[in-house]
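Take a look at the structure set out below.
Residue numbers (our numbering), protein chains in the order written: chain Z, 1 to 225; chain C, 1001 to 1064.
Structure, rendered in structure tokens:
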């Protein structure tokens, strides 16, 4: 069936003719224009103005951030150059630091040092009792961290209890030797008891030669990489 | 007339809602940093100073 615009126009005439009285009213025209103005501003604001201003602000923020980052990078590069110079300065001393805080428990070298110190100080090392010490390898790095707030999570400790006997001067020298030992060690407990002459078997010993027993509870440190 | 006023109110509220929405979106854009977390970690300041005094103390201690 061919399209006849005259009949089709007549079918829809009632719709657009009914708008005529509304358009002729001044208040309706004003309301309509205001409503469409608000809607148009909202629509263009959301779909056109917002993305544009957002892009502008994002780029401005990016420029500002990159300027700050560039400055911080320059500062860090300068700091790294300084750090390299400091490192070269202290590089010869680093083995000493490794001795003070080794990368594994090194329990046996520590006990050997205690024994050598006893020999140097002239005291008798009567007992050495290390706590459970992880040996070399993977286990050394799986030790649960200690509860001490001074010990960081990468720092681990183990305890060693020792007892030495000797005259006061020698015991004092031994104690000072422990404090001057390069290996990082702290004294957790100290007990100093006199040994009766009957026990030492030296009844003729005078007061200065009285034997003392020093019991120490030491805590030594190592670093987990 | 009432119908026109209702439509006007709806359009005004729509306008204010979208204006507020745009404002907060722009504020968010201004406040949000564009620097990635990796870059932030890289530019953490570094103190190159090494405690020489402590190293000297360690060096002066004895190994038995």
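Quick reminder that beta carbons are idealized off the backbone N, C-alpha and C, glycines included.
**Q.** Reduced DSSP secondary structure (H/G/I, E/B, other) of residue 134(Z)
**A.** Coil.
Q | chain C contact for residue 189(Z) (CB, 8 Å cutoff) | A | At a cut-off of 8 Å, the C-beta of residue 189(Z) has no neighbouring C-beta in chain C.
Q.
Tell me the residue span of the alpha helix (DSSP H) that contains residue 73(Z).
A. Run containing residue 73(Z): 50-90, per the alpha helix (DSSP H) assignment.
Q) If you compare alpha carbons, which of 15(Z), 44(Z), 106(Z), 159(Z) is closest to residue 1015(C)? A) Out of 15(Z), 44(Z), 106(Z), 159(Z), 44(Z) has the C-alpha closest to the C-alpha of residue 1015(C).
Q) With 8 Å set as the bound, which would you pick, yes or no: does the beta-carbon of residue 98(Z) sit closer than that to a beta-carbon of chain C? A) Contact with chain C is absent for residue 98(Z), since none of that chain's Cβ atoms lies less than 8 Å from the residue's Cβ.
Q) Are any of the Cβ atoms in chain Z nearer than 8 Å to that of residue 1020(C)? A) Chain Z, which has no Cβ nearer than 8 Å to the Cβ of residue 1020(C), makes this no.
Q | Outcome for residue 5(Z) when other beta-carbon atoms lying within 10 angstroms are tallied against a minimum of 16 | A | Around the beta-carbon of residue 5(Z), fewer than 16 other beta-carbon atoms lie within 10 Å, marking it exposed.
Q.
So within the stretch 1016-1060 of chain C, which uninterrupted alpha helix (DSSP H) runs reach at least 4 residues, ignoring any that extend past its ends?
A. If you keep only unbroken alpha helix (DSSP H) runs of at least 4 residues inside the stretch 1016-1060 of chain C, you get 1037-1042, 1052-1060.
(Q) Less than 8 Å between C-beta atoms, sequence neighbours within five positions excluded: which residues of the same chain meet that for residue 118(Z)? (A) For residue 118(Z), where only same-chain residues beyond five positions count, the Cβ hits under 8 Å are 124, 125, 164, 174.
Q.
Less than 8 Å between the C-beta atoms of residue 220(Z) and residue 182(Z), yes or no?
A. No. Outside cutoff.
Q: Determine whether the Cβ of residue 91(Z) lies closer than 8 Å to any Cβ atom of chain C.
A: No, its Cβ sits nowhere closer than 8 Å to a Cβ of chain C.
Q | As assigned by DSSP and simplified to three states, the class of residue 163(Z) | A | It is a strand residue.
Q: Identify, in the order they occur along the chain, each residue of the same chain with its Cβ nearer than 6 Å to the Cβ of residue 225(Z), setting aside the five sequence neighbours on each side.
A: For residue 225(Z), where only same-chain residues beyond five positions count, the Cβ hits under 6 Å are 103.
Q. Mapping DSSP to helix, strand and coil, what is residue 97(Z)?
A. If DSSP states are grouped into helix, strand and coil, residue 97(Z) belongs with the helices.
Q | Contacting residues, own chain, Cβ-Cβ under 6 Å from residue 161(Z) (five flanking each side not counted) | A | So the list reads 129, 217, once near-sequence residues are dropped.
Q) Since residue 1038(C) meets chain Z, which of its residues come closer than 9 Å, beta carbon to beta carbon? A) Those do not exist, as residue 1038(C) stays about 11 Å from chain Z at its closest Cβ, beyond 9 Å.
Q.
If contacts are defined as beta-carbon pairs under 8 Å, then residue 1030(C) and residue 61(Z) qualify, I think. What distance do you get, rounded to the angstrom?
A. That pair is a contact at about 6 Å.
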